[in-house]
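Take a look at the structure set out below.
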Amino acid sequence: MNSFVHKTLVVQLQAGEAERFSVLAHLSYDTADPFAVTVVFSHDGRVLARWQLDREMLGDALRRPVGVGDVRMRPESRGVWQELRMEFFGDARADGGRHHAVVFAWAPAFAAFLKETHELVPPGREEVSVDDFLATLIAGS
């Protein structure tokens, strides 16, 4: 049985007041970390950002606004186009503000990706080995 799900999507990135432009979002899910989805954003072969997101939060964001910290997501509708709006807040800037980017993705594509992850590990059936977690934590000290 496969323990990974990978999908690459074209999404729209908007940073500051600039117009949206297309970038790639490489989504990955590994059953070894069943609560997380990793998203790597790239453009012209360069990695722009890497975020690890909560899988349940992503699913909830397809239906309602979620997040209060560095990551905030919500569904948006533009006519027949259903989008997932993801806001990412980064490090502080010299002017006292924070780096901020908004990514707009086609919501049905994210839903299809999440469906594949749920086929591997259904929601509520996630398990994490506490012994492995502690060993990793201690080794990193």
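So the mapping is simple: the numbering used here equals the position in the sequence shown, first residue as 1, plus 6.
From the three backbone atoms N, C-alpha and C, an ideal C-beta is built for every residue, glycine too.
DSSP state of R61 mapped onto helix, strand, coil: helix
With a threshold of 16 other CB atoms inside 10 Å of the CB of R61, please say whether the residue is buried or exposed. buried
Looking at the ligand ZN, does it come within less than 7 Å of W57, judged from the CB to the closest heavy atom? What this structure holds is no ligand at all, so the ligand ZN is not there to describe.
Can at least three beta-carbon pairs, one atom from the region 88 to 106 and one from the region 60 to 77, be found at a separation below 8 Å? yes
With a threshold of 8 Å, are at least 3 pairs of Cβ atoms found where one atom belongs to the region 95 to 105 and the other to the region 23 to 31? no
Per DSSP, what are the beta-bridge partners of T14 in this structure? Looking at the DSSP assignment, T14 forms a beta bridge with H32.
Cα-Cα separation between L140 and E133, rounded to whole angstroms: 14 Å
CA-to-CA distance, I144 to L59, given in whole angstroms: 24 Å
Only counting the same chain, and skipping five residues up and downstream in sequence, which positions put a Cβ closer than 6 Å to that of V127? T37 and P40
Which same chain residues, not among the five before or five after T14, have their C-beta less than 8 Å away from its C-beta? L30, A31, H32 and L33
With respect to the alpha helix (DSSP H) encompassing F119, which residues constitute its N-terminal and C-terminal limits? A113 to L126
Do you know whose CA, among V45, A21, G22 and Q20, lies nearest F119's CA? V45
Any idea what DSSP makes of T4, helix, strand or coil? A question about residue 4 goes unanswered here, because the residues of the chain that appear run from 7 up to 147.
So S48 is in the beta strand (DSSP E); what residue range does that whole segment cover? A42 to H49
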